[in-house]
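Per the numbering used here, residue 4 is the first one in the sequence shown, and the count goes up by one each step.
Data block below; observations after.
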Amino acid sequence: MAAAKMLDGKVILVTGAGRGIGRDISLLAAQQGAKVVVNDVGGSEKGEGNDRTPAMEVVAAIREAGGEAEPNYDSVASFEAAHNMVKQAIDRFGQLDGVVNNAGILRDVIFHRMSEDDWDQVIAVHLKGSFNVSRAAATHFRERQTGAMVHMTSTSGLVGNFGQANYAAAKLGITALSKSIALDMARFNVRSNCISPFAWSRLIGTIPITDEKQKARVEKIKQMTPSKIAPVAVYLLSALAREVSGQIFAVRNNEIFLMSQSRPLRSVQRSDGWTPEAVAEHAMPAMKAHFYPLERSADVFSWDPV
């Protein structure tokens, strides 16, 4: 008798699944027994265009390997389209057990030059898209009293990076969204977690190379393939992760990190209350040693991936 697979009997929706991380998650989920709805709008890294080929190729690869998959070409930025994705999964496979909010675009630009459209488009795909798909799945998950959500965040939001205010805000917002879902949906046995992936992809390929240090960093990132992210995502979608919810994991090559979440570091108090002068003379000097430096992701993850 063949060994049971981790996602046997599960139906999974993966967004942005035509390439990169989403593609590898879809393939591994199918390999582990899941039926997969492969969503990809087929746009460029900036969100332009509509090429159905990437999603079709992933579906073909799953079917050729003996699995079941259906393509979906809608945009996660549309609330209605997100509901149609969930409906498609239920109509085709009878249920939905998990979603992976992976779809994304980049519009990198230094903040004082960032346009309203640069902001709106990135927020629409990453943050609103994650809400749209999660909300569409939530009603079905509540009815079935089960479900798992996996959202992609980034150290651009968790730590910081240059020229990514839109992306960083969206990605940090996703961690708050995930935690809220985990809290609100726990009574229905629905779990929600985040992954912060380090992997070479089309989006990372848009990073401008301005000096030798940046070039060396990009070469290191190229060593980290999207396939390294998929095992953690598949695990989080499985019943083996039934006690894991509201967490943030970073995956970098062969490393898995449990990331911190905001908690108090230091406190000061005055029985007679605060004045602006007292804040300057007492509070800030007392807390200054605990201030976070203006670090970027590369400063915090300063060692070579292993």
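From the three backbone atoms N, C-alpha and C, an ideal C-beta is built for every residue, glycine too.
When the Cα atoms are used, what is the spatial distance from V41 to F96?
13 Å
Length of the line joining the Cα atoms of N169 and A236:
25 Å
Tell whether a beta-carbon distance below 8 Å holds between H129 and G101.
no
Span of the alpha helix (DSSP H) holding P234?
233-240
So, for R66: in the same chain, excluding its five sequence neighbours on each side, which residues have a beta-carbon less than 7 Å away from its beta-carbon?
A72
Residues bridged to M152 (per DSSP):
V102, S195
For E73, report the span of its beta strand (DSSP E) as first-last.
72-75
Can you check DSSP and say which residues form a bridge with V136?
Partner(s): none; V136 has no beta bridge.
Going straight from the alpha carbon of L297 to that of T178, what length do you get?
21 Å
Going straight from the alpha carbon of A140 to that of K13, what length do you get?
14 Å
Count the other C-beta atoms from every protein chain shown that fall within 10 angstroms of the C-beta of K231, then say buried if there are 16 or more, exposed otherwise.
buried
Taking D111 as the reference, which of I24, T56, Q167 has the closest Cα?
Q167
Same chain, Cβ closer than 8 Å to M59, five either side skipped, listed in chain order
P74
Is the distance from the Cβ of A64 to the Cβ of D43 below 8 Å?
no
Checking the sheet assignment: what are the DSSP bridge partners for E246?
Beta-bridge pairing links E246 to no other residue.
What does the alpha-carbon distance come out to for the pair A82 and R194?
The amino acid occupying residue 82 in the given sequence is Phe; Ala does not appear at that position. Cα-Cα distance, rounded: 21 Å.
Collapsed DSSP secondary structure at V39 in the structure displayed:
strand
Which two residues bound the contiguous alpha helix (DSSP H) that contains I108?
No alpha helix (DSSP H) contains I108, which DSSP labels as neither H nor E.
If we call anything under 8 Å between Cβ atoms a contact, is L161 one with M262?
yes
Evaluate M290 with the Cβ neighbour count: other Cβ atoms within 10 Å of its Cβ, from every protein chain shown; 16 or more gives buried, anything less gives exposed.
exposed
Candidates V247, S199, P279, Q35: closest to R255 by CA position
S199
For P279, does the three-state DSSP call read helix, strand or coil?
helix
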